[in-house]
Amino acid sequence: MLDKNYILENVEKIETSAKNKGFKVDLKKIITLGDEIAALKTEHQKHLAEKNQLSKSIQNASADERPAMIEKSKKAGENAKKIELDLETKEVEYTELMLHVPQVHFDDAPIGKDDTGNVVTKTVGEKTKFDFEPKDHYTLLEENDWANFNISEITGPRAYSLKGNAARLELAIHQFVLDKLMDKGFTMMTVPALCKPQAILDAGHFPGSDIGALESDVYFLTGTDLCLAGTSEIVLNSLHRGEILEENQLPKLYAGYSPCYRKEAGAAGKDTRGLVRVHQFSKVEQFVYCKPEESQKYFDKLLTTLEEIMMDLELSYQLLEACTGDMGFNKMRMIDVEAWVPTQNKYRELGSCSMIGDFQARRTNTRYRANADGKVHYTHTLNNTGIATPRVLVPLLENHQTKDGDVKIPTKLQPYMHGLKTLKA
RNA sequence: GGAGGGUUGGCAGAGCGGUUGAAUGCACCGGUCUUGAAAACCGGCAAGGGUGCAAGCCCUUCGAGAGUUCGAAUCUCUCACCCUCCGCCA
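In terms of numbering that gives the first Met the number 0, the first sequence opens at residue 0 and continues consecutively.
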């Protein structure tokens, strides 16, 4: 959601931005409707004021005067009611239109239609060279009996089940990343995946307020009013809904840990084998609430942290500045972190660092009181992946494999594996 | 799943259908006093919106929504959440 006054002053900018992002907006309609609503409100309030005035004086009025006053007050109430109907319809429409205006992208965003418009801005590490034919992660897991891929007969497709030390490695990675984030001042938070659909709408990934529109992406649980969140960002974003925080409570840095559920409906046929794209996975998420003027600072911090994690895991990676068409409805800026996957001969996404501005905070009504002027402002929010499993195991297994089919464990992870240095074939 | 109790301002906590946007306490801010601090005393302290150059005036909000009434924090209904007891249970 954008600010009303901001819209008035930046019509062209918002329209261009929306177009760049691939969304249609009708600001003219919004502005006209806004004016109409303001006029109706003024009118509405006149009647209410009259009604209130009369109601107040009725108690002190004489018995003779009363009936006439009551009549008059009733009339005023009815007049207000008449306007209300119109007002409500218009306000519903207005809100819906507002909820369809995408966040404005930052000025230097590359303009593009889809992910082909993204720009590589940084490459770290070499593409791994092997003096043997490297196996893909699926083969490694299968040959070493580190996974049950036939689990899908029980669970449906896009499921995974790790075994033995591979399973242990999955948890070790999370533990390592959580420890790292705590060292950096994040508060660790275990977060439910179960949530109300409203929380998903309030995270602003999807335009509008129609819960039904989530159906294609989100799992709903029959017989309940709950669904499964695709990321802990959803719940973390609603954590301070309706609150007015004190400035000195900011920033809030959360390291959320939760299972994540995604239908992956739009990905039919893609990555059907292995660990790249599954319906249920686990993720450590970095989430920040901060003052507007510190948004950039924490964006950098979140990104740096993920880069460090890539290095800790001894992975070669690149940063991808998302173009306008790929960054999504609620974002000002997004940088993807991709790790090198040898057998696919390309970099694959492991994380996504997003600057949201006050877009989410407006939806959840999360604000803070500034020390300087005592005024209330919306907080800014940001999020980035910490680490997501099992996906990260794909580059991890492939890049660190040896000729014998073993997998070397990155040094930083070894303490989390009880000193184990290698996953033995 | 069964039975009951709750939800009021940053927090705690009053509240009769009628000057209650809401007592009181704490916290916070300003002042007096003090060498300074504390204490004491005095004053201030909700958000959103409409209107106005402004001072201001007005509207809305006491979990959410609907209703009764001239008038609702106070009465009725629905929903959400919290708590207690019983049952079940990782």
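Where is the CB? At the ideal position from N, CA and C, for every residue including glycine.
When DSSP states are grouped into helix, strand and coil, ASP335 belongs to the strand group. Here DSSP, grouped into helix, strand and coil, assigns TYR93 to helix. In this chain, the alpha helix (DSSP H) harbouring THR154 covers 151–154.
Residue pairing from DSSP places GLN400 in a beta bridge opposite VAL406.
The three-state secondary structure of LEU177, taken from DSSP, is helix. Under the criterion of beta carbons closer than 8 Å, PHE185 and ALA254 qualify as touching, at roughly 4 Å.
A direct Cα-to-Cα measurement between TYR367 and ILE243 gives close to 5 Å. Bounds of any beta strand (DSSP E) do not take in ILE110, whose DSSP letter is neither H nor E. Going by DSSP, TYR377 is part of the beta strand (DSSP E) stretching over 375–377.
In the structure shown, the three-state DSSP call for ARG366 is strand. Secondary structure of ASN382 (DSSP, three-state): strand.
Distance from LEU84 to HIS43 at the Cβ level is roughly 11 Å; contact not present, criterion being Cβ atoms closer than 8 Å. The three-state reading of DSSP puts THR303 in helix, counting H, G and I together. Contact check for SER231 against TYR256 passes: the beta carbons are separated by less than 8 Å.
When only Cα atoms are considered, GLY111 and LEU96 end up about 24 Å apart. Per DSSP, the continuous beta strand (DSSP E) segment holding LYS121 begins and ends at 118–123. By alpha-carbon distance to LEU53, the top candidate from ALA67, LYS330, ALA62 is ALA67. Put simply, of HIS104, ASN398, ALA424, ARG361 the residue whose alpha carbon is nearest the alpha carbon of ASN236 is ARG361. Taking a 10 Å sphere around the C-beta of ILE355, we find 16 or more other C-beta atoms and assign the residue as buried.
Among the bridge pairs identified by DSSP, MET188 is matched with GLY255. In the DSSP annotation of this structure, TYR159 is not part of any beta strand (DSSP E), being labelled neither H nor E.
A straight line joining the alpha-carbon of ALA338 with that of MET309 spans about 8 Å. Looking from the CA of ASP325, the closest CA among ASN117, ILE29, GLN279, PRO206 belongs to ASN117. Excluding five sequence positions before and after GLU293, the CB atoms of its chain that fall closer than 7 Å to its own CB belong to PRO250, given in chain order. For a cut-off of 8 Å, the C-beta gap from ARG390 to VAL275 is around 6 Å, short enough to register as a contact. Per the coordinates, the alpha-carbon of ASP335 lies some 6 Å from the alpha-carbon of CYS352.
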